[in-house]
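If you count by UniProt numbering, then the sequence shown holds residues 1 to 344, one letter each, in order.
Even glycine gets a Cβ: it sits at the ideal position worked out from N, Cα and C.
What you are looking at is a predicted structure, and each value in this text was computed from that prediction instead of being measured.
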Amino acid sequence: MKRLLPLLPSSSGESPALSPEDKYVPIRLDSVQNNTELDFDLYLENSKNGRKRLYRSRDLVFQDKHRERLLENNVSVLFISRDDVDKYYAYVESHLGTLVSNPDVVPKEKASILYETSIHRIHQILEDPERPENIDRSLVLVDHTIYFLINEERALESLLETMSFDYSTYTHSMNVCALSVLLAQRHGIDDQETLKVLGIGGLLHDVGKSKINPDVLFKKGPLNNDEWKLIKEHPAIGYDLLKAHELIPKRSLSPVRHHHERSDGSGYPDGLPEESIDILASIVRVSDIFDAITTNRCYKKAAPAFEALNIMKDEMKSKRDKEIFQDFIMLLGPKRSKEMLLSH
């Protein structure tokens, strides 16, 4: 089924044009929980002509029997009005705990719903990063993401199948969050509170870009010196936006401010030496580079994973960088790991 992601602005910074008749968007049946009251209407699609008809009115309880009937008729996709998208995502967010712990929902469906919901929330954050409610709700999403990553054996495979490889700041933020948590686990960090701190930092690492002119962010040609200087300000801007927020752990600010620092001191914004860089920032840096190289951008096509890893290995100068990078290779799978480690 189509994702709800096209509802968000594209990587060009512009919202896609919508045809007048395109009034409905698909949602996954698994995102609707039994015995819950909905504040949005549900629609079914006529398989012959594609027209939508009202199935359940808002404010009615969706019961077990309704799900059973739909499944008996091979219905796994419902539709909602485009006008109700925000209400739908608020509903899903409030029931994510039930969803991710439900053994009857397959990992890929959990990953898809979690991913799409997180993308929507990141969009809200970047639209208004100073609104406390947006930040508060993102912290809850990180909790559910970590639960999923820790408790699902196929978490990585499910997420890789779900991830969008067409770059936007929204998709990139979620990709980096998930990859960073998985990489940290591979690196031996298994304390759930530390993983949450890392997940928050990964999810919000590019929040400073919300204050950068989109014409610069999404420029198709090379950046001039002034534009590049502006881009390099986004980690410090993000740090300044978040540092006063009471619920954000102080350590989560390190990946936000320092994910572009390098072990030799040549990074930005502070030019820190490795001993002054939190390892959580180093983990986010590796995930950030990989996702940036392997997603389609407005100015370049995505590189295959193996090519991306070959590019990245030249960036890993210190012993710590190399150890984190080797764990990242191992994370991506045994075959690729063996090939890369032999060449590293």
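Cβ-Cβ separation between L29 and R67: approximately 7 angstroms, consistent with a contact (criterion under 8 angstroms). The C-beta of A111 has 16 or more other C-beta atoms within 10 Å across all chains shown, which makes the residue buried. The alpha-carbon of K301 is positioned some 12 angstroms away from that of D291. In the three-state reduction of the DSSP assignment, K220 falls in the coil class, being assigned neither a helical nor a strand state.
Annotation: the stretch 220-276 contains the following complete segments of the alpha helix (DSSP H) (minimum length 4 residues), in chain order: 225-231, 234-242, 253-258. Under the three-state reduction of DSSP output, P26 falls in the strand class. Distances from the alpha-carbon of D327 to those of H172, H187, C177 put H187 closest. Inclusion of L42 and P129 in the CB contact set at 9 angstroms is not warranted, their separation being larger than that value.
Beta-bridge partners of K52 (DSSP): E45. Contact annotation, K317 with S263: C-beta distance approximately 5 angstroms; criterion of less than 8 angstroms satisfied. S164 is not a Cβ neighbour of L204, given a cutoff of 9 angstroms. Straight-line measurement puts the Cα of L198 at about 16 angstroms from the Cα of S118. Note that the stretch 251-268 touches the stretch 226-240; at least 3 beta-carbon pairs, one per stretch, sit closer than 8 angstroms. Separation of the CB atoms of L195 and A178 is rounded to 11 angstroms, and the pair is thereby denied contact status at 8 angstroms.
Under DSSP, R297 forms a beta bridge with K300. Counting C-beta pairs closer than 8 angstroms gives three or more between the stretch 135-145 and the stretch 91-106, which meets the contact rule. Per DSSP, the beta bridge partners of E37 are V61. For S94, the uninterrupted alpha helix (DSSP H) run begins and ends at 85-94, by DSSP. Cα atoms of L78 and K229: separation of roughly 47 angstroms, rounded to the nearest angstrom. Inter-residue distance for T36 and Q63 is about 7 angstroms (C-alpha atoms, whole angstroms). Assigned with DSSP and collapsed to three states, L204 falls in coil, not helix or strand. Leaving aside the five residues that flank A281 on each side, the residues in its chain whose CB is nearer than 7 angstroms to its CB run, in chain order, S254, P255, H258, H259, E261. Residue burial annotation: K232 is exposed, with fewer than 16 other C-beta atoms found within 10 angstroms of its C-beta. The residue among E157, I122, L38 with its C-alpha nearest the C-alpha of V92 is L38.
Between I329 and K322, the alpha-carbon positions lie close to 10 angstroms from each other. If you check the CB distance, S81 and Y167 do not come in under 9 angstroms. It is roughly 14 angstroms from the alpha-carbon of S158 to the alpha-carbon of L331. The closest CA to that of H245, considering only S101, I311, T169, L139, is found on L139. DSSP, reduced to helix, strand and coil, places L78 within a strand of the structure shown.
Annotated as distal: R121 and R131, with beta-carbon spacing of 9 angstroms or more.
The DSSP-derived three-state label of G199 is helix.
The shortest C-alpha to C-alpha distance from K87 to any of D226, R58, L54 is the one to R58.
Between V61 and D104, the alpha-carbon positions lie close to 20 angstroms from each other. Note on R285: 16 or more other CB atoms within 10 angstroms of its CB, so buried under the neighbour-count rule. Within the same chain, and ignoring the five residues on either side of L54 in sequence, the residues whose Cβ sits closer than 7 angstroms to its Cβ are D41, Y43.
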